[in-house]
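So the protein sequences, as listed, match chains A and B.
Residues 1 to 193 (UniProt numbering) make up the first sequence, in order.
Residues 1 to 193 (UniProt numbering) make up the second sequence, in order.
First the structure, in the form of structure tokens, and then the observations on it.
Protein chains: 2
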Amino acid sequence: MQELEERIRTEGTVKPGNVLKVDAFLNHQCDVALFDQMGKAWAEHFAGKRVDKILTIEASGIGIACVAARHFGNVPIVFAKKAQSINLDGDQYVTTVYSFTKQREFPVIVSKKFLNEGEHVLLIDDFLANGKALRGLIDICDHAGATVAGIGIAVEKGFQGGGDQLRADGFDVDSLAIVESMDASTGEIVFRH
Amino acid sequence: MQELEERIRTEGTVKPGNVLKVDAFLNHQCDVALFDQMGKAWAEHFAGKRVDKILTIEASGIGIACVAARHFGNVPIVFAKKAQSINLDGDQYVTTVYSFTKQREFPVIVSKKFLNEGEHVLLIDDFLANGKALRGLIDICDHAGATVAGIGIAVEKGFQGGGDQLRADGFDVDSLAIVESMDASTGEIVFRH
């Protein structure tokens, strides 16, 4: 998606440690007109697929998913919650995700009420790097007996391999911008096309 | 807002300890068509006020603010981040908020880049109870030299007093549903009109 690549190029910053900061428009300050265009692009890519629900994960995925939902007939959004400790009362799907950013594991939970057997679920998130968070959401869908209809991502860090592994596993991953390489010393960002 | 009150009455549940669960449509599963109506209602209430930016707080405020922004000319959304520990590098506004739900203090941060002197900021959040989170956002606006244009809330727990204190301090608080009392044993919810 050309508009997103341009925004990353002009407003994104590359930091040491494979960090790409896009907090000016994606995940701290949010450009909702851009989110709307992203939703339109995903709707075009996933046209013809059944989408009963959109599943995302707090916090940065929520705004993107909620704005994008308009292009999917206002289906319900469910956002998985990250928790440090949880009461396992049997009413929640729980999985564990390792965060490289935070250098620790954390539980990801979704109430069983809001994810049902047989539902076709579109996963949406702001970033895809190693794919750990998405694997957690897929795991939760599996436990619920729901089908992953597809995966819509704003920015994929292609060089970290998570996206290609998901594609190899048969998932339909639509990343609107795929960073093939980036250089913290020069600030250069190369996109995959 | 009648539609919101009806949803609270039919889908909300009252739990012991002054807990009102509205996770079926507001803060775990999200009904974006309802969020859009909420945005329209706030836009009518705050019509004529200058709104340069919407400020909310992760996680539940984000989806609501992002959908509502359409009714405010797609102004930028900024969501304050909750963090347990932070690096104070001078580029962030930081304040501390006490959470009764979590029984602990946590820092709330906004990057200085995204909140500027002279800006008129609309605060939006899903819940208003004692008002601690909003006081944190107001504190951050004060530090930035920004003006609080108003406060848009989905559900105010009127009996906890935070909303009335904010009104007494001169803030224009528009809560779309104000719960005057609720009873965990009967499930009864009484709204203020």
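For every residue, glycine included, the Cβ atom is placed at its ideal position computed from N, Cα and C.
Fair warning: this is a prediction, and the values are worked out from it, not measured in the lab.
Distance, Cα to Cα, T96/B vs K40/B?
-> 31 Å
Which whole runs of the beta strand (DSSP E) in the region 45–98 of chain B are 3 residues long or more, in chain order?
-> Counting only runs of 3+ residues, the beta strand (DSSP E) found wholly inside the region 45–98 of chain B occupies 53–57 and 77–82, in chain order.
Should Q2/B be flagged as near chain A, meaning a C-beta pair shorter than 7 Å?
-> Chain A contact via Cβ: absent.
Would you tell me roughly how many angstroms separate the C-alpha atoms of A24/A and T101/B, rounded to the nearest one?
-> 31 Å
Helix, strand or coil at M182/B according to DSSP, with G and I counted as helix | strand
How would you label N27/A, buried or exposed, when you count the other beta carbons within 10 angstroms and need 16 or more for buried?
-> buried
Best match in E44/A, K53/A and V190/A for proximity to V121/A [C-alpha to C-alpha] | K53/A
Under a three-way DSSP split, which group does D23/B fall into?
-> coil
T13/A versus T186/A: straight-line alpha-carbon distance, rounded = 10 Å
Check distances from the C-beta atoms of the region 21–41 of chain B to those of chain A and list, in chain order, the residues that come in under 9 Å.
-> D23, A24, F25, N27, H28, Q29, C30, D31, V32, A33, F35 and D36
Residues of the region 163–185 of chain A with Cβ closer than 7 Å to any Cβ of chain B, in chain order | Listed by position, the residues of the region 163–185 of chain A near chain B (Cβ gap below 7 Å) amount to none.
Taking just the CA atoms, how far does I77/B sit from D31/A?
-> 7 Å
Does any residue of chain B bring its CB to less than 7 Å from the CB of N74/A?
-> yes
Using three-state DSSP, classify E105/B as helix, strand or coil.
-> The answer is strand: DSSP assigns E105/B an E or B state.
How is the beta strand (DSSP E) around A120/A delimited, first residue to last?
-> Sequence inspection shows His at residue 120/A; the Ala mentioned does not correspond to that position. Element bounds for H120/A: H120 to L128.
Contact set for E156/A: own chain, Cβ-Cβ below 6 Å, skip 5 residues either direction = Counting only Cβ-Cβ distances below 6 Å, and skipping sequence neighbours, we find L128, G163, S175 and I178.
Three-way DSSP call (helix, strand, coil) for E188/A in this model = coil
Which of the three DSSP states, helix, strand or coil, is assigned to G150/A?
-> Of the three classes helix, strand and coil, the one that applies to G150/A here is strand, per DSSP.
Pull up the DSSP beta-bridge partners for K132/A, would you.
-> DSSP output for K132/A lists no bridge partner at all.
In chain A, what lies closer than 8 Å to A59/B by C-beta?
-> E58, A59, I62, F79 and K81
Taking the beta strand (DSSP E) that K15/B falls in, what are its first and last residues?
-> K15/B -> beta strand (DSSP E) spans T13 to K15.
Once you ignore the five residues that flank V67/A on each side, which residues in its own chain have a CB closer than 7 Å to its CB?
-> V32, F35, D36 and G39
Please name the residue or residues paired with E156/A in a DSSP beta bridge.
-> L128/A and I178/A
Option in S99/A, S181/A, E44/A and Q92/A with minimal Cα separation from L134/A | The candidate whose alpha carbon is nearest that of L134/A is S99/A.
CB K82/A to CB E58/A, shorter than 7 Å?
-> Against a cut-off of 7 Å, the Cβ pair of E58/A and K82/A comes out as a contact.
Please list the partners that F114/B has in chain A, where partner means a Cβ-to-Cβ separation under 7 Å.
-> H28 and Q29
Using a Cβ-Cβ cut-off of 7 Å (strictly less than) and excluding sequence neighbours within five positions of K21/A, which residues of its own chain qualify?
-> G12, T13 and K15
Chain B partners of C66/A, CB-CB under 7 Å?
-> C30, V32, F35, G63, C66 and V67
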